[in-house]
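Numbering (the working numbering), first residue to last: 9 to 43.
Here a beta-carbon is modelled for each residue, glycine too, at the ideal position from N, C-alpha and C.
Since we're looking at a predicted model, the values are computed, not measured.
The structure under discussion appears below in the form of structure tokens.
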Amino acid sequence: AVYGRSGEACPRCGAEVESFVLRGRSTHWCPGCQR
Numbered sequence: 009a010v011y012g013r014s015g016e017a018c019p020r021c022g023a024e025v026e027s028f029v030l031r032g033r034s035t036h037w038c039p040g041c042q043r
């Protein structure tokens with residue numbers, strides 16, 4: 009899980025975890041794992 013790890017390295021692949029806010033809720037994802 010990468011929630012709350014924005015800016016940190018993904019524990020699975022090492023890519024930087026990204027986040028944004030959509031309708032008042034924050035979303036976190038790894039661009040390396042989720043293509």
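| Asked | Found |
| --- | --- |
| Cβ neighbours of residue 41 in the same chain (closer than 8 angstroms, five flanking residues each side left out) | 18, 20, 21, 23 |
| Endpoints, the beta strand (DSSP E) within which residue 27 is located | 26–30 |
| For residue 33, the first and last residue of its enclosing beta strand (DSSP E) | 33–37 |
| Cross-strand partners of residue 17 (DSSP beta bridge) | 24 |
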